[in-house]
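Residue numbers (my numbering), protein chains in the order written: chain A, 1 to 497; chain B, 1001 to 1497.
2 protein chains.
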Amino acid sequence: MFESAELGHKIAKSVYKREVPPLREALLDAQFDLLQSKKFPVIILVAGVDCGGKGETVNILNEWLDPRHIETHALRPLTGEELERPPMWRYWRTLPPKGKIGMFIGSWYSEPLVDNVYKRISNADLDQRLERIIRFEQILCDEGALFLKFWLHLSRDQQKKRLTSLEKDPDTRWRVTDSDWKHYKKYDRFHQVSERMLRATSTAESPWLIVEGTDPRYRYLTIGKTILQSLRERLDAPEPPKVREPTPPATMAIDGLRVLQTLDLSKKLAKGDYEDELEKWQGKLNRLSRHDNFGKIAVVVVFEGNDAAGKGGAIRRVTQALDARRYRIASFASPTEEERLQPYLWRFWRHIPHRGRFALFDRSWYGRVLVERVEGYCAHADWMRAYGEINDFEEQLVRHQTVVVKFWLAIDKKEQLKRFDAREKIGFKRFKITEEDWRNREKWDDYEQAVCDMIDRTSTEIAPWTLVEANDKNYARIKVLKTICNRIEAALDRVKK
Amino acid sequence: MFESAELGHKIAKSVYKREVPPLREALLDAQFDLLQSKKFPVIILVAGVDCGGKGETVNILNEWLDPRHIETHALRPLTGEELERPPMWRYWRTLPPKGKIGMFIGSWYSEPLVDNVYKRISNADLDQRLERIIRFEQILCDEGALFLKFWLHLSRDQQKKRLTSLEKDPDTRWRVTDSDWKHYKKYDRFHQVSERMLRATSTAESPWLIVEGTDPRYRYLTIGKTILQSLRERLDAPEPPKVREPTPPATMAIDGLRVLQTLDLSKKLAKGDYEDELEKWQGKLNRLSRHDNFGKIAVVVVFEGNDAAGKGGAIRRVTQALDARRYRIASFASPTEEERLQPYLWRFWRHIPHRGRFALFDRSWYGRVLVERVEGYCAHADWMRAYGEINDFEEQLVRHQTVVVKFWLAIDKKEQLKRFDAREKIGFKRFKITEEDWRNREKWDDYEQAVCDMIDRTSTEIAPWTLVEANDKNYARIKVLKTICNRIEAALDRVKK
C-alpha cells in the first residue's frame, strides 16, 4: 500500500518556484468561488507518521489559501464538555459550514490507531471504531462535503533520518517529542495498523491519498494540486436537479395494513385515576432524576406526533416532575441560516445533553423522514439514507449511556378535526390553527405512510419507538411518563452493574 | 431594605386558586406575543437566601409559562472551556435570544456574595465585581433586554424554620446541604453583604424586587404578576422610531486637526530591508508563540483600516509566522440570523480564544462605531454608548491575561484610488471592487471622523490603538509584526513576575 510512497519522489527547487505562484492563484480563485457560492464545505485531513510533515503542510496550505476562511483543528485533550458527550460530538461542533474549509491534523484517526498499536484496544474494537468513522464521513459526503484525506508516509529509514535531523537543529528540536521516538520503535506495528486502517476507510467518496513525506516540495505540490483539482471539479460541476415534488412512499404493505392502524385509540383513563397515576409517576420520575447514579446517564426524549396530538401538554407533564435545572427543551421549526450551512443532523447534535441531564425534543431529527419527505424538501435518496444515519446517531447516544425515548403521539383524523375546531373557537392566539395545519391535514395519508416507514426503520432495540394512543389526553400523558420512568430505571440498573 | 419582606405576607389558598388560572393564561399569551414578535429577550434572575425557594419558584414559572421557550441556568462548577476565558464569557454564551426567556438561579451574584461573606475577597474587590455586573446588565438593557431580578428573602427565624422543616421531611431532606447550615450561622453577615450588593446593583433599568419567601403562594403570585406586568408593558409599548439617517459626528476639533492627519504616510521600507525585517520579526513572533509561558496568555489582534489598506496581506504576514494550530481568524461581514437576535457584542464573545492561542479579527466589534455609525444602521445613542461598552469588553480580556492589539491601517484617498484602479485591472475576482467600496469611498470624510473619534475614545493604556501608515505595504506589515511581538513580550514579562 505504501510502495509508491517510498520511491524517493522529489521536486526540483526550480520547478517548485515556477509552479507555486500559478497554483496559489488558482487555489485562491477556487476558494473565492467556494466562499461566494457556499456550495459545499471542504474537509481536509492531514494525517500520517510522526514528523512526516503534517503541521508544516497545513501551515503551507494556510499560506497558499486565504486563511480567513479556513479553520485548523488539531487533536488536543478532550475538554470536560466534550467528555460529557458521545465521542463524535467534538467533531460535529468543529465542522466547517458550506463555503469554508476545515483542516484537521491527525483527526479522528489518531486515537484508534495509537490505541491499537499499543494494544489498548483489540483489532475488533479498532474495526468497530473505523466503522463509526466511515459512517461519519459518509454522512458528511452525502450531505455534500468535499472530503480530502492525505496520509503522509515516511519509510523507516526516512523517519529515523527526519527525527535525527530535527533534533539536531536547535530551532526544530521542540518538534521531536519522547513519544515520537517511542512510536518510532514500533514502526512496523504502526505500518501494519495504518495499512489496515487506510484500507478500511478508503471509500469511493473519501479515498485516502498517500503522499511520500520525504521531500517537502513534492509533498506540498502534490497536495496543493490535488486540492485544486478536486475543488475545481466540484465547483464547476452542474448542480444536480433539486427534487421538489413529493416522492413516492418507500414501502407499502400490499394488504394496506399499517402499524398505526393496530393502535386502539379508544383507550381512556378516567379523571380520578388520571390524577392518582399522575402523582405516582411524576413522583417516581422526580425520584429517579435525583438518583445517586443519575449523574452517570443522560436522557433524550423525542416527541413527535400528529398536529394537535398533545405534544406540548405531554411535555409539560414531564417537566412538572423535574427540576428546571435538570432539563432543557429544544423546539424545532425551520433551520436558521447557520444551521442551513451544515448537515441536517448538526442542529440536533448541538442540543445533546451532558450527563445528569434531560433534553426534551419537541420535534426532532425525524423531521427529515416526515415533513421533509412528504413536502419534498429533500430528495428521495436523502430521506432514504436518513433512516440509517439516524439509527447510527442514536446508537452513539446510547453507547454513551444516554437513554433515548421516542414517542409518536397518535390521534385519528376525526379527533384532530375536533381539536382543530375547538381551538378555532377558544381564540387563544397560541393555539391558533394555521393554514399550514389545514394543509398538513390534507396530506394525512402521506404522513401516515411516512410515520409507518419511520417506525419500521428506526424502532430499534436500543432506541425503540413508543406509540402513544393519544385520543384521550390523560391516557397519553400517563403512558409517556410511565415509559420514561421504566426506561430510566432500566438504564440505572445497567449502570449499577 | 428587607423590612417590607419580613411582614409575614400571606395569600390564602382560595385567593391563590382563583388568581392563578387567569394569570397563567395572561402569561402564556404574553409569552406567545414575545415569541412571535421577537422584540426583546427576557432575563429573569431568581436569587436570595438559601432555601428561600429559588428552585421551586423557577419550577413554578416553568410550569406557568411554556417551558419550550425558556432556558434555565443554575450555577455549576466552571468547565475547562470557561476557565480558559474571561469570567463573563460563561454568561454571554447562555444569553437568551430575542423572543425567548432565560432564567438564572443565583447567577452572577452568588459568587461575589459568598466570597465576600467568607472574606475571600475584600469589600473593595466586591465593589469592583459589582461594578462589572452593573456594566454587564447595562449593556443588555441598552440592547433591549427586559431584566427582572427577584431576591427571595427570609428572616433569620424563618430561615431556621425552613431548614428544619425541609430536613424533617424525607422527601425534601436532600435540599438542605451542609453549606446551607454553615451559611445560616453567618446570617447577619449575609444579610449585611446582600443589602450592600442589592443597593449597589439596583439600577433604574434593572432594579431588584425583594420578595418575602416565607409563604410560597405569596412568592409565586408576586413574581408571576410582576413578570406579567413588565412583559405586557414592554410588549405593548410603541416601538421607538428607528434612526436610519447618518448621525452627526460625535466630536469635531474646531481647528479641523485630526489624529489621522498627523500620520506621515510617506513612510517606506525598501524591498531588501523589508525582507530582512520580515524574517527577523516573523522568526521572533514564532519563538514567542512557543515560549514556555505562552500558555498563560492569549492574544487578540484586531485589524481595521480603510478599504484596500492591506488588512488581508498584513494578516497573512502574521499567520505565516504561526503554526496553524495556534490561531484562528474571525472575519466579519453582516451578522447571521442567530447573531441578530443577540446584543452586538455577542458575536465577538463567541470568538474569544482560550489561553495559548491567537484570535485574529478581520474587522471587529469596532464596526459598531464605524460602518454602523456612518451608515446609520444604529441610533446615535447606540454607537455613542458602544465606546464605553467596548472599553469594558477589552478590559475584561486584558484582565484575563489576554493581549489586545488593535491596528488601524491608514492609507490616503489618492492611494486608495490607485489600488481600486489597479484591482479593477488585475481582474482577480477576489479583489474585485464592489459598488459598496465606491460608495464607502464617497463617505471618506465621515469615516475619517468616525475613525478619529474611535481612536480618541477607545485607545486605552491597556488596549491602545496602533495607527499604521499603510501607503507602503512593506512598512505597514513590519510595523504590525513588530508591534505584536513587543506587546506579547511585555505580557510574557508580566506573567513571569
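Backbone N, C-alpha and C define an ideal beta-carbon position, used for all residues, glycine too. All values derive from a computational prediction rather than experimental measurement.
Sub-7 Å separation of residue i and residue j beta-carbons
i: Lys1098 (chain B); j: Leu1322 (chain B); result: no
i: Ile210 (chain A); j: Trp151 (chain A); result: yes
i: Asp215 (chain A); j: Lys13 (chain A); result: no
i: Arg373 (chain A); j: Ala308 (chain A); result: no
i: Leu269 (chain A); j: Glu469 (chain A); result: no
i: Val259 (chain A); j: Ile455 (chain A); result: yes
i: Asp50 (chain A); j: His191 (chain A); result: no
i: Gly102 (chain A); j: Ile60 (chain A); result: no
i: Thr1319 (chain B); j: Pro67 (chain A); result: yes
i: Thr1466 (chain B); j: Thr1483 (chain B); result: yes
i: Arg1325 (chain B); j: Thr72 (chain A); result: yes
i: Trp1383 (chain B); j: Arg1368 (chain B); result: yes
i: Gly1144 (chain B); j: Phe1032 (chain B); result: no
i: Leu1166 (chain B); j: Arg1156 (chain B); result: no
i: Ile139 (chain A); j: Glu389 (chain A); result: yes
i: Val403 (chain A); j: Arg487 (chain A); result: yes
i: Val405 (chain A); j: Ile462 (chain A); result: no
i: Arg1024 (chain B); j: Trp1064 (chain B); result: yes
i: Arg1173 (chain B); j: Gly1053 (chain B); result: no
i: Leu1265 (chain B); j: Asn1474 (chain B); result: no
i: Ser206 (chain A); j: Lys168 (chain A); result: no
i: Leu1409 (chain B); j: Lys1284 (chain B); result: no
i: Met1088 (chain B); j: Phe1147 (chain B); result: no
i: Arg357 (chain A); j: Phe332 (chain A); result: no
i: Glu81 (chain A); j: Glu1338 (chain B); result: no
Contact set between residue i and chain A, taken where Cβ atoms lie within less than 9 Å
i: Gly1055 (chain B); result: Asp323, Ala324, Arg325
i: Gln1342 (chain B); result: Within chain A, no residue comes near Gln1342 (chain B); the closest Cβ sits about 12 Å away, beyond 9 Å.
i: Lys1429 (chain B); result: Asp29, Phe32, Asp33, Gln36
i: Glu1338 (chain B); result: Thr336, Glu337, Glu338, Glu339
Chain-ordered neighbours of residue i on chain B, where CB pairs are closer than 9 Å
i: Val58 (chain A); result: Asp1323, Ala1324, Arg1325
i: Ser331 (chain A); result: Arg1068, His1069
i: Arg328 (chain A); result: Glu1071, Thr1072
Listed by chain order, chain B residues near residue i by CB distance under 8 Å
i: Ile315 (chain A); result: Pro1067, Arg1068
i: Leu481 (chain A); result: In chain order: nothing, as chain B lies at least about 15 Å away.
Integer Cβ distance of residue i from residue j, believed to fall under 8 Å
i: Ala298 (chain A); j: Arg355 (chain A); result: 5 Å
i: Cys485 (chain A); j: Trp208 (chain A); result: So it is not a contact: roughly 48 Å between Cβ atoms.
i: Ala1200 (chain B); j: Asp1127 (chain B); result: 7 Å
i: Glu1212 (chain B); j: Glu1006 (chain B); result: 7 Å
i: His400 (chain A); j: Arg90 (chain A); result: Between Arg90 (chain A) and His400 (chain A) the Cβ distance is about 12 Å, and since that is not below 8 Å, they are no contact.
i: Val1193 (chain B); j: Ile1105 (chain B); result: Actually they do not touch by this definition, with Cβ atoms about 19 Å apart.
Proximal residues of chain A, C-beta to C-beta of residue i below 7 Å
i: Glu1111 (chain B); result: None at all; the shortest Cβ gap to chain A is about 17 Å.
i: Ala1074 (chain B); result: Arg325
Under 8 Å from the C-beta of residue i: neighbouring residues of chain A
i: Thr1319 (chain B); result: Asn62, Glu63, Pro67
- Query: Taking Cβ-Cβ distances below 8 Å as the criterion, which residues of the segment 1276 to 1305 of chain B are in contact with chain A?
  - Reply: Arg1290
- Query: Got a sec: which bits of the segment 1078 to 1103 of chain B sit with their beta carbon under 8 Å from any beta carbon on chain A, in order along the chain?
  - Reply: Thr1079, Gly1080, Glu1081, Met1103
- Which residues, in order along the segment 1029 to 1052 of chain B, keep a beta-carbon less than 9 Å from a beta-carbon of chain E? Within the model displayed, chain E is absent; protein chains A and B are what it includes.
- Along the segment 358 to 392 of chain A, what residues have a CB closer than 9 Å to any CB found in chain B? Leu360, Asp362
- Message: Which complete beta strand (DSSP E) runs does the segment 260 to 305 of chain A hold, if anything under 3 residues is left out?
- Response: 298 to 305
- What residues in the segment 1220 to 1233 of chain B have a beta carbon less than 8 Å from any beta carbon of chain A? none
- Contact residues within the segment 1105 to 1138 of chain B, judged by C-beta distance below 7 Å to chain A: Ile1105
- Using Cβ-Cβ distances below 9 Å, what residues of the segment 165 to 177 of chain A are close to chain B? Asp171, Trp174
- Length at least 3, wholly inside the segment 80 to 168 of chain A: the beta strand (DSSP E) runs in chain order: 101 to 105, 146 to 153
- Contiguous alpha helix (DSSP H) assignments of at least 4 residues, all confined to the segment 350 to 419 of chain A: 371 to 374, 380 to 399
- Query: What are the start and end residues of each continuous alpha helix (DSSP H) run of 4 or more residues lying completely inside the segment 1213 to 1245 of chain B, in chain order?
  - Reply: 1216 to 1236
- Task: Enumerate, from N- to C-terminal direction, the unbroken beta strand (DSSP E) stretches of 3 or more residues contained entirely within the segment 1417 to 1493 of chain B.
- Result: 1465 to 1469
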